[in-house]
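First to last, the sequence lines map onto chains A and B. Quick note on numbering: the working numbering labels position 105 of the first sequence as 105, and the sequence is numbered without any gaps. Each number in the working numbering comes from the position in the second sequence (counting from 1) with 105 added on. Using N, Cα and C, we set each Cβ at its ideal position, and we do this for glycine too.
Number of protein chains: 2
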Amino acid sequence: MDAVLHALADESRRTVLDILRDRPASAGELAEALPIARPGVSRHLRVLREAGLVDVRQDAQRRIYTLRPEALVEVDEWLGEYRRLWENRLGALQTEIARGKKARR
Amino acid sequence: MDAVLHALADESRRTVLDILRDRPASAGELAEALPIARPGVSRHLRVLREAGLVDVRQDAQRRIYTLRPEALVEVDEWLGEYRRLWENRLGALQTEIARGKKARR
DNA sequence: GCTGAATGTAACCTTGTGGATACGTACCCA
DNA sequence: TGGGTACGTATCCACAAGGTTACATTCAGC
Numbered sequence: 001m002d003a004v005l006h007a008l009a010d011e012s013r014r015t016v017l018d019i020l021r022d023r024p025a026s027a028g029e030l031a032e033a034l035p036i037a038r039p040g041v042s043r044h045l046r047v048l049r050e051a052g053l054v055d056v057r058q059d060a061q062r063r064i065y066t067l068r069p070e071a072l073v074e075v076d077e078w079l080g081e082y083r084r085l086w087e088n089r090l091g092a093l094q095t096e097i098a099r100g101k102k103a104r105r
Numbered sequence: 106m107d108a109v110l111h112a113l114a115d116e117s118r119r120t121v122l123d124i125l126r127d128r129p130a131s132a133g134e135l136a137e138a139l140p141i142a143r144p145g146v147s148r149h150l151r152v153l154r155e156a157g158l159v160d161v162r163q164d165a166q167r168r169i170y171t172l173r174p175e176a177l178v179e180v181d182e183w184l185g186e187y188r189r190l191w192e193n194r195l196g197a198l199q200t201e202i203a204r205g206k207k208a209r210r
């Protein structure tokens with residue numbers, strides 16, 4: 001849990017996850033998508049790996065990274081403890097506001 | 106979003122949020138509940154404030170902190186992009202496991 | 001086996017972070 | 001108005017984090 005939230009705190013790492021959400025990608029592809037050099041990306045990938053957020057599979061010289069969304073379940077469960085709070089907040093009025101914010105009619 | 110996730114990356118700050126989930130609390134009360142000295146707690150509270158996760162209200166010399174759960178909505182929405190992935194993962198089997206884990210009916 | 005490609009690791013540097021102690025400030029009360 | 005209380009802020013320090021360049025490693029193909 002701590003490792004996962006720590007991993008999510010960095011924007012580069014979130015970008016990696018967002019890419020992997022669509023498709024698996026090699027380390028090189030991910031590095032091209034980020035504004036930093038490859039070694040930095042490599043280390044970000046290590047953090048993601050150790051947090052259980054991604055899996056790696058070797059394909060010749062390339063390392064293909066895939067998302068492991070299950071790792072986010074624990075974050076979702078932690079958030080769940082708060083979800084009812086913001087859902088109940090101020091009752092119907094707040095609900096109305098939230099609805100307008102997320103989906104303008 | 107970045108500020109919120111950054112705030113959540115620290116365990117002390119998450120502990121503060123968990124306390125405020127039950128009830129508002131003064132800075133002193135929060136400091137007592139944490140293993141660190143008061144000035145450190147003060148700075149944690151500042152981070153939480155700047156991330157919009159808590160509100161402060163002054164009561165004489167005391168500062169009463171309350172939770173602002175709405176700040177977590179954006180995290181929930183970000184997570185939502187991934188939720189369907191882990192829910193669909195491996196189909197019904199995975200669904201069954203997730204259901205058992207949450208100890209629903 | 002050698003070469004180039006893809007990637008991880010090591011070493012290094014700068015900045016950010018979280019802890020502590022010391023100090024400043026605002027408030028209530030006598 | 002002087003003192004105690006409850007905070008926040010400033011400063012300092014140790015260490016973690018994230019970036020870079022240089023090097024090591026592994027693999028495919030000739």
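For residue i, the three-state DSSP class (helix, strand or coil)
| i | result |
| --- | --- |
| residue 127 of chain B | helix |
| residue 53 of chain A | coil |
| residue 121 of chain B | helix |
Segment limits, alpha helix (DSSP H) that includes residue i
| i | result |
| --- | --- |
| residue 189 of chain B | 178-193 |
| residue 30 of chain A | 27-33 |
| residue 108 of chain B | 107-113 |
Inter-residue spacing [alpha-carbon to alpha-carbon] between residue i and residue j
| i | j | result |
| --- | --- | --- |
| residue 9 of chain A | residue 149 of chain B | 16 Å |
| residue 36 of chain A | residue 27 of chain A | 13 Å |
| residue 189 of chain B | residue 21 of chain A | 11 Å |
| residue 187 of chain B | residue 176 of chain B | 19 Å |
| residue 138 of chain B | residue 124 of chain B | 9 Å |
| residue 11 of chain A | residue 165 of chain B | 40 Å |
| residue 38 of chain A | residue 58 of chain A | 17 Å |
| residue 63 of chain A | residue 167 of chain B | 55 Å |
| residue 79 of chain A | residue 185 of chain B | 11 Å |
| residue 40 of chain A | residue 182 of chain B | 28 Å |
8 Å CB neighbourhood of residue i in its chain, flanking five on each side removed
| i | result |
| --- | --- |
| residue 74 of chain A | 1, 4 |
Other residues of its chain near residue i: CB distance less than 6 Å, five sequence neighbours each side excluded
| i | result |
| --- | --- |
| residue 16 of chain A | 30 |
| residue 66 of chain A | 24, 55 |
| residue 208 of chain B | Bear in mind that the predicted position of residue 208 of chain B carries a pLDDT of just 42, short of 50, making it unreliable; the figure below should be weighed with that in mind. Answer for residue 208 of chain B: no residue qualifies. |
Neighbourhood of residue i by C-beta, 7 Å cutoff - its chain only, sequence neighbours within 5 removed
| i | result |
| --- | --- |
| residue 7 of chain A | 13, 47, 48, 51, 53 |
| residue 68 of chain A | 52, 53, 54, 55 |
| residue 42 of chain A | 27 |
Span of the beta strand (DSSP E), counted from its first residue to its last, around residue i
| i | result |
| --- | --- |
| residue 63 of chain A | 62-67 |
Next on the checklist: Please list, in chain order, the residues of the stretch 170-182 of chain B that have any C-beta partner in chain A closer than 8 Å.
Outcome noted: 172, 174, 175, 177, 178, 180, 181, 182
Item to check | Interface residues of the stretch 133-150 of chain B facing chain A [CB-CB below 7 Å] | outcome: none
Checklist entry - Going along the stretch 3-19 of chain A in order, which residues come within less than 7 Å of chain B, judged by CB to CB distance? => result 5, 6, 8, 9, 11
Item to check | Positions along the stretch 48-59 of chain A whose CB lies within less than 7 Å of some CB in chain B | outcome: none
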